[in-house]
Amino acid sequence: MLRKPWGQPKGTERDGLEENSLQRMLVDEEGNIIACGRLHLNSSVEAQIRYMAVDTGHRGKGIGKMMIQELESLAVDAGVKTIVLQARENALEFYLTCGYLKVKETFVLYGDIQHYLMIKQF
């Protein structure tokens, strides 16, 4: 969901933090993944949401908000006070409606996808 539209091969969605992260996914009745997200603890008080995606055919149904709420719940249970994330430009409005604040423009992925640092305090 995150890499295929840019021609990136399977496996590029993985990094060295996989083993130390909490991951969630939502599947449909046929077992197809329709949403995913990962929470990584940067410290005892800060976490980062990464690799968040909802299948295009399932957007606008509240699934993304469900995923964010689940990841935030995991963070709060771990004692986190702040969650940060890097939002793609086309997802800014979604994260704003979830209570995240846009901090600054950060990097451009694949020479095309502008990202923004966002933060939410608990």
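Numbering-wise, the sequence shown is residues 44 to 165 according to this note's numbering. Note that the Cβ used here is the ideal one computed from N, Cα and C, for glycine as well. Here the structure is a predicted model, which means the values were calculated and not measured.
Grab me the residues of residue i's own chain with a C-beta within less than 8 Å of its C-beta, minus the 5 sequence neighbours each way, in chain order.
i, result
"glycine 122", "Ser87, Val88"
"glycine 74", "none"
What are the boundary residues of the beta strand (DSSP E) that includes residue i?
i, result
"tyrosine 159", "156-164"
"leucine 128", "125-131"
Indicate the three-state DSSP secondary structure (helix, strand or coil) for residue i in the structure shown.
i, result
"tyrosine 143", "coil"
"glutamate 166", "Outside the displayed range of the chain (44 to 165) lies residue 166, so it cannot be described from this structure."
"alanine 96", "strand"
"glycine 107", "helix"
"serine 64", "strand"
"glutamate 73", "coil"
"alanine 90", "strand"
"alanine 78", "strand"
Going by beta carbon distance, what residues of the same chain come within less than 6 Å of residue i, once the five residues before and after it are set aside?
i, result
"methionine 95", "Gly80"
"isoleucine 111", "Cys141"
"methionine 161", "Leu128, Ala130, Tyr138, Tyr143, Lys145"
"alanine 90", "Leu82, Leu84, Ala118, Val123, Ile126"
"methionine 101", "It should be noted that the sequence gives histidine, not methionine, for residue 101. Counting only Cβ-Cβ distances below 6 Å, and skipping sequence neighbours, we find Ile77."
Got a sec: is the Cβ-Cβ distance from residue i to anything in chain D below 8 Å?
i, result
"leucine 128", "No chain D appears in this structure, which consists of one protein chain only."
Quick one: what's got a C-beta closer than 7 Å to residue i's C-beta in the same chain, skipping five residues either side?
i, result
"glutamate 115", "Ile126"
Closest by CA to residue i, which one among the options?
i, options, result
"glycine 59", "Thr149, Ala78, Arg93", "Arg93"
"glutamine 157", "Val97, Glu148, Arg102, Glu113", "Glu148"
"leucine 69", "Asn133, Glu62, Asn63, Lys108", "Lys108"
"valine 151", "Glu61, Asn133, Glu113", "Asn133"
"aspartate 166", "Tyr159, Ile106, Asp120, Tyr153", "Residue 166 falls outside the range modelled here, since the chain spans only 44 to 165, and no answer is possible."
"glutamate 136", "Asp120, Gly103, Gln164, Glu62", "Gly103"
If residue i sits next to residue j, beta carbons under 8 Å apart, how far is it from one beta carbon to the other, in whole angstroms?
i, j, result
"histidine 97", "isoleucine 76", "Looking at the sequence itself, residue 97 is valine, so the reference to histidine does not match. With 8 Å as the limit, valine 97 and isoleucine 76 do not qualify as a contact, their Cβ atoms being about 10 Å apart."
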